[in-house]
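Trainee:
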Amino acid sequence: MAFVSLGYSPSPNDTCIFYGLTRGKIPGAPAFETTLDDIETLNRLAMDGGLDVTKVSFHALGFLRDRYCLLHSGGAMGRGCGPLVVAARPLNPRELTREKIAIPGALTTAALLLRLFEPSLHNLVVLPYHRIMDAVRNGEAGAGLIIHESRFTYPDFGLQEVIDLGEWWELTTGHPIPLGGILARRDLGADRIRAIDSAVRASVEYARTHADIVLEDILRNAPEMDASVAQRFIDLYVNTYTLDYGPDGEAAIADIVVRAETARIIPTSEKMLFVDE
17 MAFVSLGYSP SPNDTCIFYG LTRGKIPGAP AFETTLDDIE TLNRLAMDGG
67 LDVTKVSFHA LGFLRDRYCL LHSGGAMGRG CGPLVVAARP LNPRELTREK
117 IAIPGALTTA ALLLRLFEPS LHNLVVLPYH RIMDAVRNGE AGAGLIIHES
167 RFTYPDFGLQ EVIDLGEWWE LTTGHPIPLG GILARRDLGA DRIRAIDSAV
217 RASVEYARTH ADIVLEDILR NAPEMDASVA QRFIDLYVNT YTLDYGPDGE
267 AAIADIVVRA ETARIIPTSE KMLFVDE
């Protein structure tokens with residue numbers, strides 16, 4: 017059987033999720049050829065149709081529905097795990113319209129949530145996510161939109177929270193925060209997509225039952241990351257929604273898609289999100 021090209025980020029939650037698959041721990045799983053890159057690069061690769069299966073932001077999903085469908089497993093969703101806007105000085109959220117804001121990618125869900133929160137924002141500059149806190153601290157940007165482990169480390173940079181966009185989303189909608197999901201090319205066919213989905217779920221289950229081994233591997237490949245930060249990251253982003261979104265998670269995804277369509281941030285589509293709908 018030909019390899020299935022797979023893209024995911026080197027963030028601890030993604031390396032945790034895909035450890036079982038990429039280390040040959042899941043019997044009967046398809047053979048994968050992996051690409052590791054940051055989420056915005058993966059978004060762009062998917063826009064070009066360059067990967068069979070890939071992690072993407074739910075923002076990017078809005079542009080990919082005609083060619084890709086969503087898997088039920090492997091996603092990043094939860095509560096208390098959303099992106100933050102931070103600044104080097106006290107700042108009211110409504111003052112953000114006067115600031116240059118560094119964002120981690122135009123197609124990230126963080127950027128989508130920021131635009132849904134304040135549609136009039138216009139002075140946005142894209143930077144790699146790991147450079148944003150330095151840019152804010154050094155005055156290159158008046159505020160920064162941070163994701164991933166930056167959620168835990170921004171106080172070390174002398175920065176303070178302006179708004180927690182995840183908290184805003186939860187209070188506004190009542191839903192968990194949909195951040196990213198795993199997509200598969202529709203032309204793989206429904207049977208193969210279901211097999212891949214099952215393999216991803218099995219890989220998540222493997223990671224949860226072999227947590228110490230997986231964490232050790234993550235730290236071996238990211239020696240600059242503090243073990244406690246990596247563990248907090250995994251605990252926050254690898255959860256029951258990662259195994260399967262379930263009705264609660266699917267409702268959250270549908271809601272953010274509709275809100276983005278209504279705001280004309282993404283195009284409309286007649287395609288169903290999942291292959292088995």
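Per my numbering, the very first residue in the sequence shown carries number 17; after that it's consecutive.
In this text, a Cβ means the ideal position worked out from N, Cα and C, and glycines have one as well.
#1: Compare the C-alpha of Leu-137 against each of Thr-113, Asp-64, Thr-124, Asn-237 and name the closest.
#2: Which residue wins for smallest C-alpha separation from His-75, given the options Lys-287, Met-288, Ile-269?
#3: Which runs of the beta strand (DSSP E) fall wholly inside the region 251 to 289 and span at least 3 residues, in chain order?
#4: Only counting the same chain, and skipping five residues up and downstream in sequence, which positions put a Cβ closer than 6 Å to that of Tyr-24?
#5: Span of the alpha helix (DSSP H) holding Met-63?
#6: Do you know offhand how far Ala-159's Cα is from Val-101's?
#7: Give me the Cα-Cα distance between Leu-86 and Pro-46, rounded to the nearest whole angstrom.
#8: Could you give the DSSP three-state label for Pro-46: helix, strand or coil?
#9: Tell me, please, which residues DSSP counts as bridged to Ala-215.
#10: What did DSSP end up calling Gly-174 once you bin it into helix, strand or coil?
#11: Around the Cβ of Ser-7, are there at least 16 other Cβ atoms within 10 angstroms (buried) or fewer (exposed)?
#12: Below 8 Å between beta carbons: does that hold for Tyr-257 and Gly-91?
#13: With H, G and I counted as helix, E and B as strand and the rest as coil, what does DSSP make of Arg-201?
#14: Alpha carbon to alpha carbon, how far is Pro-28 from Arg-210?
#15: If I measure Cβ to Cβ from Gly-205 and keep anything under 8 Å in the same chain, skipping five residues before and after, which residues do I get?
#16: Can you say whether Arg-39 is buried or exposed, counting buried as having 16 or more other CB atoms within 10 angstroms of its CB?
#17: Which ranges would you report for the alpha helix (DSSP H) in the region 92 to 153 if only whole runs of at least 4 residues count?
Mentor: This is what the structure gives:
#1: Thr-113
#2: Ile-269
#3: none
#4: Asp-30, Phe-34, Lys-71
#5: First-last of the alpha helix (DSSP H) with Met-63: 55 to 63.
#6: 7 Å
#7: 17 Å
#8: coil
#9: DSSP output for Ala-215 lists no bridge partner at all.
#10: coil
#11: Since the first residue of the chain shown is 17 and the last is 293, residue 7 is not available in this structure.
#12: yes
#13: strand
#14: 25 Å
#15: So the list is empty, once near-sequence residues are dropped.
#16: exposed
#17: Correct list: 125 to 133, 148 to 153.
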